[in-house]
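Below is one structure, written out as structure tokens; comments come after it.
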Amino acid sequence: MPKYDLLRIPLLRKTLESRWPQLILRAAALGGFAIAILAGLLGTRVGNHNFAIVVVWIAWWAALMLLAVPLLGRGWCAICPIPMPGEWLQNGAALGPVQDGSRHGRSLKRFPKSFRNIWMQNVAFTLLALFSAVILTRPSVTGWILLGMLLVAVGASLVYERRTFCRYICPVGGFIGLYSQLAPLELRVVDTKICAAHKEKSCYRGNAEGYGCPWDVFPGGLAVNTNCGLCMECLRTCEYDNIALNLRAPGADLDPPHGLKLDEAYKAFIMLGSALVYSAVMLGPWGALKTAAYSIGSPAWWGYALGLLVLIWGLLPGLFYLTTRAAQALAPVRLPPRKLFARYAAALIPLGLTAWIAFSISFVFANISYLWPVLSDPFGWGWDLFGTAGAGWTPYLSLAVPMLQVVVLLGGLFWSGRTAAKIAAEQGARRHVWPVTGFNTLVTIGLLWLLVG
Amino acid sequence: MKKEWLARLLVLALVVGFSAAALYARWADRTLEVHAAMPEKGGWLPNTLTARADEPLTLRLISDDVVHGFAIGQSDQQPSVDILPGKPVEITLLFDKPGTYTYYCTRWCGPNHWRMRGTIEVEGDDSSLANDPSGPVAPPLYLMLGIDLDAPHDVQVDVTRQPSARRGAALDTNLPAEMLSREYVRAHSPYEVWQTLRETPAASPLSDADLWDLVARLWERSTTPDALQTGAQLYAQNCATCHGTTGAGDGVFAAALAGETSATPISPGLGHETVAPTDFSDPAHMLGASPALLHGKIIRGGMGTGMPSWGLIFTDEQTWALTDYLWTFTFQFQFKETTP
Amino acid sequence: MMKSSPALLRNAVFLAAALLVAFAPLPLPQTPPAERTFRIDATQFAFAPAVLTVNPGDRVTIELTSLDVVHGLYLDGYDLQISADPGQTATMTFVADRAGSFRFRCAATCGDLHPFMIGKLHVGPNTLLWRSIGLALLAMFAAVMLGMPRLRKA
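Below, the structure written as structure tokens:
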């Protein structure tokens, strides 16, 4: 499928080259973030009427999972406010390089090599999942977590160079990166030869126009979206106008599929497994399960925690490992089992994203009407800024939601199947596709049962 | 450099500005806030307020967990206000007399809901007008009659069919004139009245069951449909949770009160004893009790049983209406409850 | 374009099969409408029973009894709502004329987990689930058949 470079539109190029639109969006987001922290710590204890809970876990989550990630990949990362204060301190500037962006990060360390992967993000997301029933419902906990993320991001910026927090620590960043491979948008270079010949590599080192890549990526070598934060610094620093922002076929990064690293493969299982667990806990009719997930420290919670950990870190990857062993038995290929496992895990990416979309559709449409009162009264202090404080709770589209979920999930399964077929063909072992797709189908049926059963 | 400063200003304005504006608005708002939480988590906060007579007292009522309600006891100046979680509501109270007032939660918020009470001390210059609920002008009837509320009052009666006021009215017997007064009925138990009737020569042709119908008729005569309707509403809101909608003592908290389940702890840590709620449909229990006795129990509460005291909450008229309604579980009245 | 006709045919077969699985009328057993009454106990944060099953056309009465604090019940798809204080049972009656599976949710904020207090009403067999499982199997085959790159001629 042909690609179209959006930067050919002069207005868009100007808008993205300029630092102001991005700065304004980020500053507004940071303002909202500050309000969320304040509301979490000082506002009403009633979660569904507190800005921190409703805006972060319903509105922002909906915007992220239903729009930003599927359409823009890491688009959210481009305007995320969390690293902003740290970057300001790191760069000594809020807007752009005061003198020369290449001075950026001179005295700062690189993140230790053994942590330059997404294992920390996998652990961070798992921790959030373990405490999710409390985090998602108690404003003060959300407030402390948002504040904590901000402080960790600032700390990381002061000790390590570039956006270390975003790339290696942020619990959300890991899966956004994984699923950004599906987006119909990519940042690449127009001509890799120009980059290869360019000695200064100002896109990586920075120059007077901008900072070296905050995501620690050399744009000339970009093959997948995973680690590109769409921050547009390279667009500003490139001396040859060699950066392209392509509209492309969705999921082009999986066509042909690039094998995943083991940490990324695990991220795929963590996401798929937590979508199953969240669907059961939050949308299922089992009250005891909800109470177990909520009563942190109780024996029931330990049961929930153990179940969650076993499922997402052991059972699902284990089953998939057996699946790839079965594939190997069907059609032997010369590849170590671990490699085969990680390679086929790429086939879980579309299903993982659609599982999260299907799960999110359900609770977002049921609860987004809490947003209207919260915008007027963010802290639950009795304000009525926009006259919507009295708006009541009404689930939207409750009749259409299950059908939407089915369509989205089946789309994901089909997409995952095609991806598996491509990987199998690439291996020269076409029969591999059956066990892998069979695994996906089983997971899909499980999700269907939980979501529309 | 100019642009950089502009950018810094913009970021700070949006971040610090917004937050500071919110905090300032909060700080500048001096409205008195009363938080409501489930009694196990603190109940009213604060639970004592002060005001001055003839000066308005504005309160912002805030629920921190579940649905609560606010009302002032023994008063109809302020209708009950629902306090929905996360939706603060403001009310303005005006007391024309100094004294001590009780505010209480009006929506069941757990088995200890009725413990959610607070007091408003209203000061004023004219203390002769003082509203002092601890020493009402006229003491309740049970005190005047010298009834011991805690004495056993069950009677052995053989009531083969539910006494019916309609059948009683049809018997057209010349009842002793003294019995037709409300005061007489309130001071006597149905059993006492039945015994007196049994000894009346005019009633000798009537069967025991017929006489019970006459008693039911007397009880019905002593109240009004309006009072029964009021009583029905008060009962549904305040009593049915323990005594059950049919009066059989089988409300949703009954098992917990009887100590049969540990699922819903009643007054944890407070050391209060509780017993199974009274069954108002049990003739042996009801026919030996006078309205004055029931009225007294409602006012005072059942010591050591878990029965709340309602003396500070209901007006005397309301308490009588509720007392009257309790008889509908024993007697058949020609009264049809209308649901609002 | 003779070459592409087998692919075209395959696509058409899958499409036809998908439409069949998705929309073919099923010979569902017809049951005479009945009166059904459920008493649902609501506590923080569960309904008991949490799963109700009725037949299409049944006249359903739900008596909601709260055992601790004020709870509510909102029924997806039917857009019906009631709320019940402890001791004051609330009732909703409706004709289950819409087949499928519907969630019902607490409609009165009752504590932290209130948004997750959920039950289900099944009206007749859950054809959406069965059809979508059928479609999932079909999607699996379609993905493999249509997704597999052609073998290059050696």
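Residue numbers (this note's numbering), protein chains in the order written: chain E, 87 to 539; chain C, -4 to 335; chain Z, 717 to 870.
Just so it is clear, CB atoms sit at the ideal spot from N, CA and C, and this is done for glycine as well.
Please read these numbers as outputs of a predicted model, since none were measured by experiment.
(message) Can you confirm whether the region 390 to 400 of chain E touches the region 108 to 123 of chain E when touching is taken to mean that 3 or more C-beta pairs between the two stretches lie within less than 8 Å?
(response) no
(message) Considering only the alpha carbon of each residue, which of C/ASP221, C/GLU116 and C/LEU201 lies closest to C/LYS331?
(response) C/ASP221
(request) Measure how close the beta-carbons of E/GLY337 and E/GLN267 come, nearest whole angstrom, since I'm counting them as under 8 Å. (result) 7 Å
(message) Taking a contact to mean a Cβ-Cβ separation below 8 Å, would you say E/CYS324 touches E/PRO300 in this structure?
(response) no
(message) So that I know if they touch, is there some Cβ in chain Z lying closer than 8 Å to that of C/ARG102?
(response) yes
(request) Provide the residue span of the alpha helix (DSSP H) that contains Z/ILE849, from first to last. (result) Where Z/ILE849 is concerned, the enclosing alpha helix (DSSP H) stretches over 843 to 863.
(message) Which residues does DSSP list as the beta-bridge partners of Z/GLN804?
(response) Z/ASP801
(request) List the DSSP bridge partners of E/MET318. (result) Answer is none; E/MET318 lacks a bridge partner.
(request) Please confirm whether E/VAL303 and E/THR409 have their CB atoms less than 8 Å apart. (result) Going by C-beta atoms, E/VAL303 is not nearer than 8 Å to E/THR409.
(message) Is the separation between the beta-carbon of E/ASN332 and that of E/ILE280 shorter than 8 Å?
(response) In this structure, E/ILE280 does not lie closer than 8 Å to E/ASN332 by Cβ.
(request) Tell me, please, whether the region 36 to 50 of chain C touches the region 138 to 157 of chain E by the rule of three or more beta-carbon pairs shorter than 8 Å. (result) no
(message) Quick check on the DSSP output: what are the complete alpha helix (DSSP H) runs of length 4 or more inside the region 310 to 386 of chain E, in order along the chain?
(response) 319 to 323, 348 to 369 and 373 to 380
(request) Return helix, strand or coil for Z/ILE711, following the three-state DSSP convention. (result) This structure gives no information on residue 711 of chain Z, because the portion of chain Z shown stretches from 717 to 870.
(message) Assuming C/ILE293 and C/THR318 are in contact, meaning their beta carbons sit under 8 Å apart, how far apart are those beta carbons, in whole angstroms?
(response) Confirmed, Cβ separation roughly 7 Å.
(message) Suppose you measure from the CA of Z/LEU845 to the CA of Z/PHE857; what does that come to, to the nearest Å?
(response) 19 Å
(request) Kindly indicate which three-state DSSP category Z/ASN771 falls into: helix, strand or coil? (result) Z/ASN771 falls in the coil class under three-state DSSP.
(request) Tell me, to the nearest whole angstrom, how far the beta carbon of E/PHE500 is from that of Z/ALA859; I am working on the premise that it is less than 8 Å. (result) 5 Å
(request) Can you give me the Cβ contacts of C/PRO74 inside the same chain, cut-off strictly under 8 Å, excluding the 5 residues immediately before and after it? (result) ALA66
(message) What does the alpha-carbon distance come out to for the pair C/SER129 and C/THR95?
(response) Unreliable placement is indicated for C/SER129, whose pLDDT of 47 sits below 50; no coordinate value is reported for it.
(message) So the candidates are C/ALA133, C/ALA31, C/LYS(-2) and C/THR300; which of them puts its Cα closest to the Cα of E/ALA546?
(response) One cannot answer for residue 546 of chain E here, as it falls past the ends of chain E, which runs 87 to 539.
(request) Report the three-state DSSP secondary structure of E/LEU92 (helix, strand or coil). (result) helix
(message) Taking DSSP's pairing of strands, which residues face Z/THR809 in a bridge?
(response) Z/THR777
(message) On a Cα-Cα basis, can you pick out the residue from C/THR236, C/LEU282, C/MET281 and C/ASP208 that is closest to C/GLN329?
(response) C/ASP208
(message) Whole angstroms are fine: how far does the CA of Z/LEU768 sit from the CA of E/ASN535?
(response) Note that residue 535 of chain E is Trp in the sequence shown here, rather than Asn. Approximately 16 Å between the Cα atoms of the pair.
(request) Kindly list, in the order they appear in chain Z, the residues whose Cβ is closer than 8 Å to that of C/ASP376. (result) Look at the range of chain C in this structure, -4 to 335, and you will see that residue 376 of chain C is not part of it.
(message) Can you pull the chain E neighbours of C/PHE65, defined as C-beta to C-beta under 9 Å?
(response) By Cβ distance, chain E contributes nothing, its closest Cβ being about 14 Å from C/PHE65, past 9 Å.
(request) Have a look at the DSSP bridge pairing and note the partners of C/ASP302. (result) Going by the sequence as given, residue 302 of chain C is Met instead of Asp. BP columns for C/MET302 point to C/GLY297.
(request) Excluding the 5 residues preceding and the 5 following C/GLU215 in the sequence, name in chain order all residues of the same chain whose CB lies nearer than 6 Å to its CB. (result) ALA160 and PHE328
(message) Any contact between the region 156 to 169 of chain E and the region 230 to 242 of chain E? By contact I mean 3 or more CB pairs, one from each, below 8 Å.
(response) The region 156 to 169 of chain E is in contact with the region 230 to 242 of chain E.
(request) For E/TYR290, count neighbouring Cβ atoms within 10 angstroms of its own Cβ and tell me buried if that reaches 16, exposed if not. (result) buried
(message) In this structure, how does DSSP classify C/LEU206 when only helix, strand and coil are distinguished?
(response) The answer is helix: DSSP assigns C/LEU206 an H, G or I state.
(message) Below 8 Å, how does it come out for the region 789 to 809 of chain Z and the region 231 to 244 of chain C: are there three or more Cβ pairs, yes or no?
(response) yes
(message) Which residues in chain Z have a C-beta closer than 9 Å to the C-beta of C/THR240? List them in chain order.
(response) GLY803, GLN804 and THR805
(request) Kindly list the residues whose CB is nearer than 6 Å to the CB of E/LEU222, restricted to its own chain and excluding five residues on each side of it in sequence; keep chain order. (result) Within the same chain, E/LEU222 has close Cβ partners TRP143.
(message) Beta-carbon within less than 7 Å of C/PRO131's beta-carbon, same chain only, minus the 5 sequence neighbours each way: which residues are those?
(response) In this prediction, C/PRO131 has a pLDDT of 49, which is less than 50 and means its spatial position is unreliable; what the coordinates show is noted afterwards. Excluding positions up to five away in sequence, the list is empty.
(request) From the DSSP output, in three-state form, read off C/HIS148 for me. (result) coil
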